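Numbering (our numbering), first residue to last: 28 to 313.
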């Protein structure tokens, strides 16, 4: 049996770090929303015993046991006690890598849902969250895949109302950033700016774009800007454009802007011309 699925990206509309656990994981408070920028996954459930075989269009993506898809595969069969099945999977990557858009976690979440469905749903949502949260921090979100307020280390998920009518511009610069460095630098922040999550949620519910834009902050972005010269230069250039606001998604390096639909196509065309060497996408909430 062959299944073809689309595995979408996400953006973070505000991200606050609230503390740190003894195991090193950070406690978060943030809003995440799915967008219609997709990877494509073809899964061939052969029906035979065996293992997972991963192929992809990207040479820089590992296809062995270090791949998040393989970790999900092993976790599922270990949890359920079902004999490992021979599955042939092809991943067509379109979501930018090292961007803070959740591409890897999305692949893992969607694959886990398909594995569970194929085997007759032996795991409920809580069990899928439990086995996946240690594999990819954003996988629990993608199991729900609706606009949510996320707390804890990513496992506490509350669906929220999102009526915001806008388009989303995504800009991925020609470099990545270190998630580990972002978290490590957080302790160095002296005058951190907090996202007002409550006001963001009201703005999303009441379709008030300005209320959302005026209350977005990202602690990970602030931490990276302390010493990352490439990111600082890129952020300064985006700010100089003046015609919209740009915010980092997650731990970056991609930035997004929420823009009115009537202006989005013109902005997208302008950014494609101005940002040579960058990947530019025009998206919407999915």
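We put the CB at the ideal spot given by N, CA and C, even for glycine. Every value quoted in this text rests on a predicted model; they were computed, and no experiment measured them.
- Residue 306 has its alpha-carbon roughly 27 Å from the corresponding atom of residue 212.
- Going by DSSP, residue 210 is part of the alpha helix (DSSP H) stretching over 206-212.
- With respect to the C-alpha of residue 244, the residue from 265, 79 and 220 having the closest C-alpha is 220.
- Looking only at 309, 93 and 113, the smallest Cα-Cα distance to residue 77 is reached by 113.
- DSSP places residue 56 inside the beta strand (DSSP E), whose first and last residues are 53-76.
- For a cut-off of 8 Å, the C-beta gap from residue 46 to residue 224 is around 15 Å, too long to register as a contact.
- Your pair residue 70 and residue 29 checks out as a contact, with CB atoms roughly 7 Å apart and the cut at 8 Å.
- Between residue 163 and residue 135, the CB-CB gap stays under 8 Å.
- Taking the Cα of residue 260 as reference, the smallest distance to any Cα among 200, 289, 277 and 106 is reached at 200.
- Here residue 278 is buried. Its C-beta has 16 or more other C-beta atoms within 10 Å.
- Residue state for residue 176 is assigned as strand, using DSSP reduced to three classes.
- Around the beta carbon of residue 88, 16 or more other beta carbons lie within 10 angstroms, which makes this residue buried.
- Per the DSSP secondary-structure output, residue 292 pairs with nothing in a beta bridge.
- Put simply, the segment 104-121 touches the segment 79-93. At least three CB pairs are less than 8 Å apart.
- DSSP places residue 156 within a helical segment (H, G or I) once states are collapsed to three.
- When the five nearest sequence neighbours on each side are left out, the beta carbons in the same chain lying within less than 6 Å of the beta carbon of residue 32 are those of 68 and 137, in order along the chain.
- Taking 8 Å as the cut-off, the Cβ atoms of residue 66 and residue 122 count as close.
- DSSP places residue 41 in the uninterrupted beta strand (DSSP E) bounded by 29-47.
- In the DSSP assignment, residue 187 falls outside any alpha helix (DSSP H), carrying neither H nor E.
- DSSP, reduced to helix, strand and coil, places residue 285 within a strand of the structure shown.
- Cβ contact annotation for residue 178 (same chain, cutoff 7 Å, sequence separation greater than five): 55 and 56, in chain order.
- Taken through DSSP and simplified to helix, strand or coil, residue 265 comes out as helix.
- The continuous alpha helix (DSSP H) containing residue 249 extends over residues 246-251.
- Sorting 210, 218, 60 and 197 by C-alpha distance to the C-alpha of residue 185 places 60 at the top.
- In the structure shown, the three-state DSSP call for residue 143 is helix.
- The C-alpha of residue 139 lies about 37 Å from the C-alpha of residue 271.
- For residue 83, the enclosing beta strand (DSSP E) has its first and last residue at 79-83.
- Excluding residues up to 5 positions away in sequence, 158 lie with their Cβ nearer than 6 Å to the Cβ of residue 102 in the same chain.
- Excluding sequence positions up to five before and after residue 36, its CB lies within less than 7 Å of the CB of 62, 64, 122, 128, 129, 130 and 133, all in the same chain and listed in chain order.
- Apart from sequence neighbours up to five positions away, the residues of its chain that approach residue 295 with a beta-carbon distance below 7 Å are 196, 307 and 309, ordered along the chain.
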